[in-house]
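With positions in the sequence shown counted from 1, the corresponding number in our numbering is that position plus 17.
The beta carbon of each residue, even a glycine, is placed where N, CA and C say it ideally should be.
Source: prediction; values computed, not measured.
Okay, structure first, notes after.
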Amino acid sequence: MMVPTNRLILSTAVVVIPLAAMSIVFPSLSLMTLAAIAVFLLCAVIDAAMSRKRAEGIKVHFPERAYLLRARKGKIEFMVERKKSSLKKIRLALEFPAHFERTEEVLAIELPGDGEEFLFHWSCMSLKRGSHLFHRCFIETSSALAFWDVRSHQPVKLELRVYPNLMNERKNVAALFLNGSNLGIHSRRQIGQGKEFEKLREYIPGDSYDQIHWKATAKRGQPVSKVFQIERTQEVYVIVDASRLSARPLQKRGGTAAERQKKAEDYSDTMLEHCISSSLILGSIAQRQGDLFGLLTFSDKVHSFVRANSGREHFNTCRDALCRLQPQVVTPDFDELCSFIGLRLRRRALLIFLTNLDDPLLAESFERNVSILGQKHLVLVNMLNPPGVHPLFSNANSSGLDDLYKALGGHILWQTIMEFKKDLQRKGIGFSLLDSKTMSTEMVSQYMSVKQRQLI
């Protein structure tokens, strides 16, 4: 594609228009002026014809996959290959989504005189988490006389994965739970004895009857006791709800409807984002404690299931599954979810649900299904506190009748959630209403309390 440059437009205004006016004012010079105009136009046409394939010797190679952190500047490295071409300057462009911020819309590149392959990088920042595909790269260069911009595009296959930024969550979690050095680690006293069989030993006076191994005692003809050890490897599953309620923003946004929509799309400060970040923090800590971490995401169906395991590759698999997770405008199906869990998880495990249950119908369906899981697994339910839901008179900034009615509505909803919490606790299921700023810390505290008390 050929596009006229400002130089061609300016040259046309400087050359063609005065010569045309001169031919009108001085008819005797019309032949000369027309010849000059024809020469100028011929130069422009020849420049376009000779530069049509000017960018064919340039190939741009992007990696198949690149990685960024949300709301943090990063670089996309790529290579420019120059063959059978003497171009020194080119301009590149990619079809970035609207939520990407970059220093330059079009990247101007200067190619050195020697060599065929050159390595460059593109600085950008994404305000949204997720996986973004790029299929085309646009190349632009100037013609020999700089009268035209020669544009072309090449197919590329680039997947840009934007992972959650966990820096703030890691700062909120104590130094004990960070994947760093062993400095600052504090030991935790284990409550009770272990439940995992380790070995047999001779009976010692004072051993309780439940510690005696009766079969070994009968075989040896003397009392033999069992020795237990603390369970080191347990399964921990985080179950993330990606249904319609997870897409709600955590704070009420001001401004016009268009501004609120743009801000919500750009920054994506939703309940699901906090659930994803907290899940990854808990996963890294569970692996540090020697446990197996698993993941399950769902809405009206099960989206992904990663069986509990450990290791860096397994953590990356869980992170990729959460990176692709987006909120769905559907109602969660707890019947299918609990049936799936009952069929797949045979071993007792810690199940941590991250869901939204301020809808009474959803809460009733969840309670009916999760009570069955609670008979086999240890179930903890965590829910982010919706905006405006708090006890009456807990907000001292309320003023006026409208604020009073809003506070009363928030109190009624809070009371309903507290009654639902008591119903779950009577069935042996824990429920917590978490704050978004301390969600990761509170989830880690729950997990460490379960480990300390050996409840799994």
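{"Asked": "Span separating the alpha-carbon of residue 339 from that of residue 293", "Found": "6 Å"}
{"Asked": "Host alpha helix (DSSP H) of residue 374 (start-end)", "Found": "That residue, residue 374, is in no alpha helix (DSSP H); it is neither H nor E in DSSP."}
{"Asked": "Closest residue to residue 156 among 179, 42, 72, 135 (Cα-Cα distance)", "Found": "72"}
{"Asked": "Classification of residue 468 by the beta-carbon crowding that lies within 10 angstroms, buried from 16 upward", "Found": "buried"}
{"Asked": "Inter-residue Cα distance where the pair is residue 195 and residue 129", "Found": "A caution first: residue 195 carries a pLDDT of 49, below 50, which makes its placement in the model unreliable, though a value can still be read off. The alpha-carbon atoms of residue 195 and residue 129 are separated by roughly 45 Å."}
{"Asked": "Simplified DSSP assignment, three categories, for residue 110", "Found": "strand"}
{"Asked": "CA-to-CA distance, residue 346 to residue 334, given in whole angstroms", "Found": "25 Å"}
{"Asked": "Integer Cβ distance of residue 320 from residue 456, believed to fall under 8 Å", "Found": "That belief does not hold up - the Cβ atoms of residue 320 and residue 456 are roughly 21 Å apart, past 8 Å."}
{"Asked": "Simplified DSSP state of residue 331, which is helix, strand or coil", "Found": "helix"}
{"Asked": "Helix, strand or coil at residue 262 [DSSP, three-state]", "Found": "helix"}
{"Asked": "Inter-stretch contact (C-beta, 8 Å, three-pair minimum) for the segment 161-169 and the segment 20-38", "Found": "yes"}
{"Asked": "Paired residues, beta bridge with residue 369 - DSSP", "Found": "255, 397"}
{"Asked": "Beta-carbon gap between residue 399 and residue 449 smaller than 7 Å", "Found": "yes"}
{"Asked": "Nearest-angstrom Cα separation, counted from residue 27 out to residue 53", "Found": "16 Å"}
{"Asked": "contact_flag[the segment 434-451, the segment 372-388] where n(CB pairs < 8 Å) is 3 or more", "Found": "yes"}
{"Asked": "Segments assigned alpha helix (DSSP H), at least 4 residues, entirely inside the segment 378-463", "Found": "418-443"}
{"Asked": "Residue closest to residue 184, alpha-carbon to alpha-carbon, out of 146, 256, 87", "Found": "87"}
{"Asked": "Residue 304 classed as buried or exposed, judged by whether at least 16 other C-beta atoms fall within 10 angstroms", "Found": "buried"}
{"Asked": "Residue 158 - partner residues in DSSP beta bridges", "Found": "167"}
{"Asked": "Delimiting residues of the beta strand (DSSP E) encompassing residue 142", "Found": "134-143"}
{"Asked": "Cut-off 7 Å between Cβ atoms - residues of its own chain near residue 276, not counting five sequence neighbours on either side", "Found": "Any reading at residue 276 needs caution, since the residue's pLDDT is 49, under 50, leaving its predicted position unreliable; the model's value is listed next. Cβ within range, chain order: n/a, list empty."}
{"Asked": "Residue 233 versus residue 241: straight-line alpha-carbon distance, rounded", "Found": "6 Å"}
{"Asked": "Terminal residues of the beta strand (DSSP E) in which residue 349 lies", "Found": "Counting along the chain, residue 349 falls outside any beta strand (DSSP E), and DSSP gives it neither H nor E."}
{"Asked": "Three-pair Cβ contact test at 8 Å for the segment 115-127 versus the segment 315-331", "Found": "no"}
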